[in-house]
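This report refers to the structure that appears directly beneath it.
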Amino acid sequence: MFMIPPDVKSVWIVSRTSRPCDVIGSFVDDRRNLGLLIGDIILYDESKIFPLKSHLEIEDLEGWDIQEKTPCRWTNGRAYLPLKHKKDTNSSMILLFKVLSKQSYILDQESDNIQKII
Numbered sequence: 001m002f003m004i005p006p007d008v009k010s011v012w013i014v015s016r017t018s019r020p021c022d023v024i025g026s027f028v029d030d031r032r033n034l035g036l037l038i039g040d041i042i043l044y045d046e047s048k049i050f051p052l053k054s055h056l057e058i059e060d061l062e063g064w065d066i067q068e069k070t071p072c073r074w075t076n077g078r079a080y081l082p083l084k085h086k087k088d089t090n091s092s093m094i095l096l097f098k099v100l101s102k103q104s105y106i107l108d109q110e111s112d113n114i115q116k117i118i
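Numbering (the UniProt record's numbering), first residue to last: 1 to 118.
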């Protein structure tokens, strides 16, 4: 759940990514870079609810993987989300999206060592 300021017309959904073949094993033939599997997205204010479907309807939406057969879609770590239902008002709105799954990821040994030093 995220509060969206009045002047914001779009957001980026950002996460870590990994490839299933690297995390699960080489027997998995899926080399896509996956972040979060997103289902329903809702934008709402104090009086109305606006379901957002652009991630399900726009095939070439930046930062989103191929469209799935079910109503959900993987991000690639930095996915663009237009907030077309957001009106020019002085009030903030709430953005809520359902994360159906996340991809496990492998920490880079070098970055892990840097984190320990800091």
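For every residue, glycine included, the Cβ atom is placed at its ideal position computed from N, Cα and C.
List, from N- to C-terminal side, the alpha helix (DSSP H) runs of 4 residues or more that fit wholly inside the stretch 44-86. 54-57
Where the beta strand (DSSP E) through V11 begins and ends: 10-14
Can you tell me whether R73 is buried or exposed? The criterion is at least 16 other CB atoms within 10 Å of its CB, across all chains shown. Answer is buried; the Cβ neighbour count reaches 16.
Classification of M1 by the beta-carbon crowding that lies within 10 angstroms, buried from 16 upward: exposed
Could you tell me the distance, in whole angstroms, from the CA atom of S92 to the CA atom of P6? Roughly 5 Å separates the two Cα atoms.
Comparing alpha-carbon positions, which option in E68, L36, E62, L96 lies nearest residue 122? Summary: the structure shown does not reach residue 122, with the chain confined to residues 1 through 118, and so no result is reported for it.
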